[in-house]
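Asker:
In the working numbering, the protein residues as written are 1 to 617.
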């Protein structure tokens, strides 16, 4: 769908999000620093599309979309303001000449604001004369005043079933046409892998879990973890084997209820009556039904979102997530369209080399391990074993999200806590009491995510890595985090002015402190200086040797506590996952695990020394 004169600005994406049906995306171009104008293209997410730049023209606005097909296809939507520059024909001719030599198939649509239906209109004649090798299809009036202003131009001449329809939402009419082309896809179409875990399957899984020795009698930590994972995986495969199914990928908007469906049925009935009779009175009735239908959708969507806000007014996570979905579109491309094993390897090497490049630019102090704290820190040598009740609370309050490394879905672990608690407690306590982090928990699944929805999905630098860790790994980390964080807080080790990643702290407390300091400085006629630093890949570039040194000398960790953290930090790996394709495992020589609760804590510890250095000066 090609839209012109949208009058939308940068913040107007919410309007297009609302306009998009399920499984559709959009591109938009806005008019800078002026009212009006604006272009948008809405398309099915089955299409692999990419916005391209064909140059800057002052006499018209345009949006160019390249569609991946068997032959190069370029779609251009254009808007020429009524009082356009006299250079329009020259600019348009330049645009057409530039694309004709580079693309096999071209479609140009839009509002040209030129009366091509009037034989005496010189601008209309000149425009048609510039269409060397192109064909213009629209011959009916596209405006309520009876003029043909909106055009469909293509090469080659294979536009079919073109028609003009008044859809009662603008003074311009809707131009409909068909253009055949083959959708290009480099992935398996519609294939998904799912398990049928219904109520009966859940009962069978519970019976089998309760009847097995999940640890297989093993005593070593890695063998216990391997036995635990393999037994649960075998049970899941036996009861609910993985099956390949075709996915319709059809979504429905949650606010489309029976009231909206009834209004839609009334619209269809009115449309059939008008098409059958062709009477003006039936056309007016159809327009009224369309307006009512659109208003009903808008009202029901508003009611749906209002209910979410009302029901979760104390849950900031849900509120921000809802606002994000309303205001920001999802990625324009489908990541599965990139899913190949070589592409996974390319992502893995890119993310690894990016960290190495940042590390190479860091100036190293040869005495970086010689610094010492201002005062002798307290010590923590051992962790305490956790109880079954503590384990229950950790699992109960954990998210239900599941990682592909988990042997069974998280909700099944939660539902079968009574049967897995004993072996799980043995694994966790063996780990924290011996100072060993299980090898199976040191691997993360990384999925690339576009930093912003409209970025070029073919540019690797536009992605950031999102790590996923096994559920049991996060439970073990949380058990350690609670004890370590308690020690840090009781002994006042963390920087007191640090607001990030700390309970009862936020950006609000940080801003309050800064504003208060600036006001006090102003009140006493002092000069203030504010230094803002942006740390690139802050978590991923942490030096393991420096972190372990800080843990020992500045924090006061030793014994099995320090041994456990060293085991946790070192020897980690990751692999990239895109759909059914994965890369090989890659080492993680720097940084701390993303998606973990210990990662932010390690970041706070390694930067806690900054405050003491500032106090010296």
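All C-beta atoms in this analysis are idealised placements derived from N, C-alpha and C, irrespective of residue type, glycine included.
Taking the beta carbon of residue 620 as the centre, do at least 16 other beta carbons fall within 10 Å, making it buried, or is it exposed?
Answerer: This structure cannot speak to residue 620, because the chain is shown only from 1 to 617.
Asker: Taking its Cβ as the centre, do 16 or more other Cβ atoms sit within 10 Å of residue 527, making it buried, or is it exposed?
Answerer: exposed
Asker: Quick one: complete alpha helix (DSSP H) runs, 4+ long, within the stretch 355–411?
Answerer: Taking only runs of at least 4 residues, the alpha helix (DSSP H) segments lying wholly in the stretch 355–411 are 388–396.
Asker: Using a 10 Å radius around the Cβ and a threshold of 16 neighbouring Cβ atoms, would you call residue 385 buried or exposed?
Answerer: exposed
Asker: Am I right that residue 96 and residue 134 are in contact with their C-beta atoms under 8 Å? What's the rounded C-beta distance?
Answerer: With 8 Å as the limit, residue 96 and residue 134 qualify as a contact, their Cβ atoms being about 7 Å apart.
Asker: Sort 78, 350, 125 by Cα distance to residue 107 and report the nearest one.
Answerer: Distances from the alpha-carbon of residue 107 to those of 78, 350, 125 put 78 closest.
Asker: Just tell me which of 81, 226, 237, 502 has its CA closest to the CA of residue 197.
Answerer: 237
Asker: With DSSP as the reference, label residue 263 as helix, strand or coil.
Answerer: Correct three-state label for residue 263: helix.
Asker: What does the alpha-carbon distance come out to for the pair residue 150 and residue 40?
Answerer: So the alpha carbons of these two residues sit roughly 15 Å apart.
Asker: Here's the rule: buried if 16 or more other CB atoms are within 10 angstroms of the residue's CB, otherwise exposed. What is residue 225?
Answerer: Within a 10 Å sphere around the beta-carbon of residue 225 sit 16 or more other beta-carbons, which makes this residue buried.
Asker: In angstroms with no decimal places, state the Cα-to-Cα distance between residue 202 and residue 416.
Answerer: 10 Å
Asker: Taking just the CA atoms, how far does residue 29 sit from residue 64?
Answerer: 10 Å
Asker: CB-CB under 8 Å to residue 318, same chain, minus the five flanking residues each way: which ones, in chain order?
Answerer: 308, 312
Asker: For residue 285, collect the residues of the same chain with a Cβ closer than 8 Å to its Cβ; drop the 5 residues on either side in sequence, then sort them by chain order.
Answerer: 270, 273, 274
Asker: Excluding the 5 residues flanking residue 301 on each side, which residues of the same chain have their C-beta closer than 8 Å to its C-beta?
Answerer: 18, 253, 255
Asker: Kindly indicate which three-state DSSP category residue 571 falls into: helix, strand or coil?
Answerer: coil
Asker: Using three-state DSSP, classify residue 54 as helix, strand or coil.
Answerer: coil
Asker: Over the uninterrupted alpha helix (DSSP H) stretch that includes residue 606, give me the two end residues.
Answerer: 598–607
Asker: With 16 as the cutoff for other CB atoms within 10 Å, does residue 338 come out buried or exposed?
Answerer: With 16 or more other Cβ atoms within 10 Å, it is buried.
Asker: Going by beta carbon distance, what residues of the same chain come within less than 8 Å of residue 578, once the five residues before and after it are set aside?
Answerer: 335, 336, 338, 339, 340, 343, 344, 347, 447, 448
Asker: Identify whether residue 313 lies in helix, strand or coil by the three-state DSSP scheme.
Answerer: coil
Asker: Could you give the distance in angstroms between the alpha-carbon of residue 157 and the alpha-carbon of residue 51?
Answerer: 24 Å
Asker: Where does residue 608 land, buried or exposed, given buried means 16+ other C-beta within 10 angstroms?
Answerer: buried
Asker: Who pairs with residue 194 in a beta bridge, going by DSSP?
Answerer: 243
Asker: Give the C-beta separation of residue 222 and residue 440 to the nearest angstrom, bearing in mind that I take them to be a contact with Cβ-Cβ under 8 Å.
Answerer: 7 Å
Asker: In three-state terms, what does DSSP make of residue 18?
Answerer: helix
Asker: Mind checking whether residue 181 and residue 161 have CB atoms under 8 Å apart?
Answerer: no
Asker: Residue 552 to residue 563, Cα distance in whole Å?
Answerer: Taking the straight line joining both Cα atoms gives about 10 Å.
Asker: What number of angstroms, rounded off, separates the C-alpha of residue 544 from the C-alpha of residue 388?
Answerer: 33 Å
Asker: Between the C-alpha atoms of residue 136 and residue 21, what's the straight-line distance to the nearest angstrom?
Answerer: The straight-line gap from Cα to Cα measures roughly 29 Å.
Asker: Report, in whole angstroms, the separation of the C-beta atoms of residue 206 and residue 259, which I expect to be a contact under 8 Å.
Answerer: Actually they are not in contact, since the Cβ atoms of residue 206 and residue 259 sit about 41 Å apart, beyond 8 Å.
Asker: May I ask which residues mark the beginning and end of the beta strand (DSSP E) holding residue 448?
Answerer: 443–450
Asker: Exposed or buried, residue 4, counting other C-beta atoms within 10 Å across all chains shown (16 or more means buried)?
Answerer: By the beta-carbon neighbour count (other beta carbons within 10 angstroms, threshold 16), residue 4 is buried.
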